[in-house]
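Each remark here refers to the structure printed beneath this line.
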Amino acid sequence: MSNQYPKNTVQVPTFNTYRESDAGKPLVLDVRNLGIDFGGLTAVDSFSVSLGPTEICGLIGPNGAGKTTIFNLLTGVYQPTRGSVLINGIDTKGMSTHKVTKLGIARTFQNIRLFTDMSVLDNVKVGMHNQIKCSFASSLFRLPGYFAAEKRANARAMELLDFMGLADLADQKAGSLPYGVQRRLEIVRALATNPSIILLDEPAAGMNPSETTELMHQIRRIRDTFHIAIFLIEHDMNLVMNVCETIAVLNYGRLIAKGTPEEIRQNPTVIEAYLGKEDGQ
Amino acid sequence: MKKTLLNKDKGKDFLTYAVVIVAFVIMQFLSSQGKLSSAVTGYLVPVCCYIVLAISLNLLVGVCGELSLGHAGFMGIGAFSGVVLATLLKNTVDNATLRLILAMVFGGTLAGLIGFLIGIPVLRLRGDYLAIVTLAFGEIMKNIIGNMYVGTDESGFRFAIATAKPKLVGKGKWILSGAMGVTGIKKLSTFAVGFGLILFTLFVVLNLINSKEGRAIKAVRDNRIAAESVGINVTTFRMKAFVVSAFLAGMAGALYGLNYSSLDAAKFNFNTSINILVFVVLGGMGNILGSVISATVLYILPEAMRGLADYRMIIYAVVLILVMLFTWSPKVKEYTSVVADRMKHLFKKEKEAAAK
C-alpha cells in the first residue's frame, strides 16, 4: 500500500503513552499537525495527538473550540486542509467516511444519530455491516450462506447488547428509547464495527449523576474487554478527570495543553481558557 | 423465547404471501367456473403489473427513502424491449410462455442496465432534486421510444432514432415504428405468469429488506451520516435499490406490453408514474402488503366505474382524499387504536369467560 507509513510505536515514557502494557505496540491513532479552514476561518490548526492501543484520552475545551470538528476530521467527514491522520498506520488522506471506518475507527454523535425507525437489534446489525460476510445474491435468494451469516450476526449483536445491558430492549424501536439508553445504544453500534479506536462525542450529555457514574465504569469496561483505545469529548469534568489517562485541551482550534489529569488541573493556560484571567494580573 | 421483532416481520411477510396466493386461487377458481365477466378477466394481468410496479417503487420510495417520479420510464423500457424480443423470437421459440418469460427477463435486464447507467449521475442528488431528475428521465424515455424505429429487413436487424420513418432495404417490417408504437402484438401474457412475477417480486423484495443489504438501505434512509460512520457506502446501496427497482419495473413492463395488441410510448408518461406513486403512498411507505392491496383496489376502482363516465375521476379523487385523511389524521389513528384496544379487551374477556 502506497499510503502506508512506517508505523509509529508507543514509547515509554513520553507524555501520552505511559500505559506500560502498550509499550512497543503501534499507535492506533496518530494525528500530525492537523488543520482545517472553512473559507477564511481556521477552525482547527496544528493539532497533534497520538493514542496507544488501549489508551483512554479526553478532548476538552470551551464551546466552539473545534472538538467535534476534530472528530469529523478523524472520521473523514471533513477533509483536512493541512496535516494528516493515521489510523493503525494508514493515512486517511482523501478517503470517504465509510472507508475510514474500515480502518478501525468508530464514533458516536453529540446529537444522537440512531436509525430511529429500526429495532435496537437491527441498529447493532447495521453496525456489523462489514463483519457480515454474505453476498448480495445469497441475501436476495436466501442461499444457505444467508442463514449462517444472519445467525452469527444475531448472536454477536445480542452479546454486544448484553454487554451494555440492553439485551432486554433488542426488539424495541430505537427511536422510542429514553435518551440515556439511546446514547448507550450508539456506543454498542460503534463497537459492532469491530474498531480499534472509538470516538465518543459527549457520551454523558443529558445524563444524571448516577447514570454518569455508571457510564464511567462502562467506558473502562469497554477498554478492558475489547482492548481498544477510546478518545472522548466531554464537558463533565468529573468523568474526564476520573476516566481519562491523558487529556488534550483545545481552545480556538489550537491545542493549548496536553497531559495527565493532574497536570491539566493545575495548568494555568487551561484555567485561563475556562475561567478567564484574574483582574490585576 | 419472547416474540421478537424478527418474528413479527416474518409473520407480516407470511401474511403478504398468503394474501397474494389466496387471491390467485380464488380468481383461478372463479375463472375456471366461468364466473368472471370478460371485463374482470381483462383486469387480471394489468393488476399483476401494477402490483409489481408498486412493490418495486416502494422499495425505492418507502425503503430507500428516495422519491422517484420516473418509474413509468423503466416500465416503458421493459415493455418495448420485451415486445420487440418476443416478436423477434416468434419463429425460433415456439412455447408462448417461455417466450413471455424470456421477454420479461430481457425487459427487466435492459431496464436494470439503463437504471444503473442513469443512476451513476442521478444518485448524486437527493430528495427534491432526485425527484425532478427522475421526472425528466421518464419524459426523455417516453420521447426516445416515441422516435425509435426497430425492425428487420433484408440487411438484417435495423435500429434507428429518427423523426421520420427510415426506409427499409427490400422486404422487411418495422416492429416498433416511432410514435405509432407497436401494432399487431401477439398477446402472450397470462394471469398465471403475472402471479408468478408477483411472487418473484415479493420474494426478492422481502428477502432484500430483511437482509444485510436491506438494513443498510434502511440505515441510509434513516440517517445518512450515521450509516457512513458504520462503514456503509451510501452510494452503493442507493444504487442497489435503484437497479433492483428498475429491473422489476422492466419485467412488469414487458408483461404489460405483451398483454395488448398495440402499444405506444405515450402510455408511459408522467401520469402513469404518478399513479404508481399514489399506490405506494396510499398503501404505506415501506409497507409491501399495503402496496399490493392499494394497487389492486386503485386500479380496479376507476376501471369498474367506467359506466359513470366523467364522474369516475371525481369519485376516484374523493376516495383518495378520504383514504389519505383516514390513514394520516392523528385523531383517526387515535380512534382506531382505542377501538383496537377495546376489541382486544373484549376478546380477552370472552376467552376468560370461556376458560371459566
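Residue numbers (my numbering), protein chains in the order written: chain A, 5 to 285; chain B, 283 to 638. Note that CB positions come from ideal geometry on N, CA and C, so glycine has one too.
Counting C-beta atoms within 10 angstroms of its own C-beta, G364 of chain B has 16 or more neighbours from the protein chains shown and is therefore classed as buried. Less than 8 Å divides the Cβ of T112 of chain A from the Cβ of D205 of chain A.
The C-beta of V486 of chain B comes closer than 8 Å to at least one C-beta of chain A. Interface flag for A534 of chain B against chain A is unset, since no Cβ pair is found closer than 8 Å. Residues of chain A with a Cβ closer than 7 Å to the Cβ of A548 of chain B do not exist, since the nearest Cβ in that chain sits about 34 Å away.
R408 of chain B is outside the set of residues whose beta carbon lies under 8 Å from a beta carbon in chain A.
Beta-bridge partners of I234 of chain A (DSSP): A:I60, A:I202. Residues of chain B with a Cβ closer than 8 Å to the Cβ of M122 of chain A are, in chain order, R497, K500, A501, D504.
At a cut-off of 8 Å between C-beta atoms, F230 of chain A does not count as an interface residue with respect to chain B.
R86 of chain A places its beta carbon 8 Å or farther from that of L31 of chain A.
With the rule of 3 Cβ pairs closer than 8 Å, the stretch 51 to 63 of chain A counts as touching the stretch 256 to 276 of chain A. Taking a cut-off of 8 Å on C-beta distances, the stretch 553 to 565 of chain B touches the stretch 332 to 340 of chain B, as three or more cross pairs fall below it. Below the 9 Å Cβ cutoff, chain B contributes no neighbours of Y256 of chain A, its closest Cβ being approximately 26 Å away. The stretch 175 to 190 of chain A makes no contact with the stretch 141 to 156 of chain A; the number of CB pairs closer than 8 Å stays below 3.
At a beta-carbon threshold of 9 Å, the residues of chain B lying near T105 of chain A are E510, S511, V512, G513, I514, ordered along the chain. In the DSSP secondary-structure assignment, K424 of chain B is not bridged to any residue. Looking at the backbone, the Cα of A194 of chain A and that of P66 of chain A are separated by about 26 Å.
The beta carbon of N271 of chain A sits closer than 6 Å to those of A261, all from its chain and outside the five residues before and after it, given in chain order.
In the DSSP annotation of this structure, M462 of chain B is not part of any beta strand (DSSP E), being labelled neither H nor E. With its beta carbon at least 8 Å from every one in chain A, L395 of chain B lies outside the interface. Chain B has no Cβ within less than 8 Å of the Cβ of I234 of chain A. Here K424 of chain B has A354, G355, G358, A547, A548, F550, N551 as same chain residues with Cβ atoms under 8 Å from its own Cβ, once five neighbours each way along the sequence are excluded. Given a length threshold of 4 residues, each whole run of the alpha helix (DSSP H) inside the stretch 575 to 621 of chain B is given here in chain order: 593 to 610.
Scanning its chain for C-beta atoms nearer than 7 Å, with the 5 sequence neighbours on each side dropped, one finds around P448 of chain B the residues Y431, A442, in chain order. In this structure, B:A536 is the residue among B:A536, B:S576, B:I514, B:S437 with its C-alpha nearest to the C-alpha of F388 of chain B. For T72 of chain A, not one C-beta of chain B is nearer than 8 Å to its own C-beta. For N515 of chain B, no beta strand (DSSP E) encloses it, and the DSSP letter there is neither H nor E. Here P30 of chain A carries a strand assignment [DSSP, helix/strand/coil].
By a beta-carbon distance limit of 8 Å, S493 of chain B contacts S143 of chain A. Their separation comes to about 3 Å. The beta carbon of E215 of chain A sits closer than 6 Å to the beta carbons of G184 from its chain, once the five residues preceding and following it are set aside; these are given in chain order. I116 of chain A carries a coil assignment under DSSP once its states are collapsed to helix, strand and coil.
DSSP, reduced to helix, strand and coil, places D410 of chain B within a helical segment of the structure shown. The three-state secondary structure of R146 of chain A, taken from DSSP, is coil. For V375 of chain B, there is no enclosing beta strand (DSSP E), as DSSP gives it neither H nor E. When Cβ-Cβ separations below 8 Å define contact, K494 of chain B makes contact with chain A. Its Cα nearest to that of R36 of chain A, the residue A:L77 stands out among A:I64, A:L77, A:L279.
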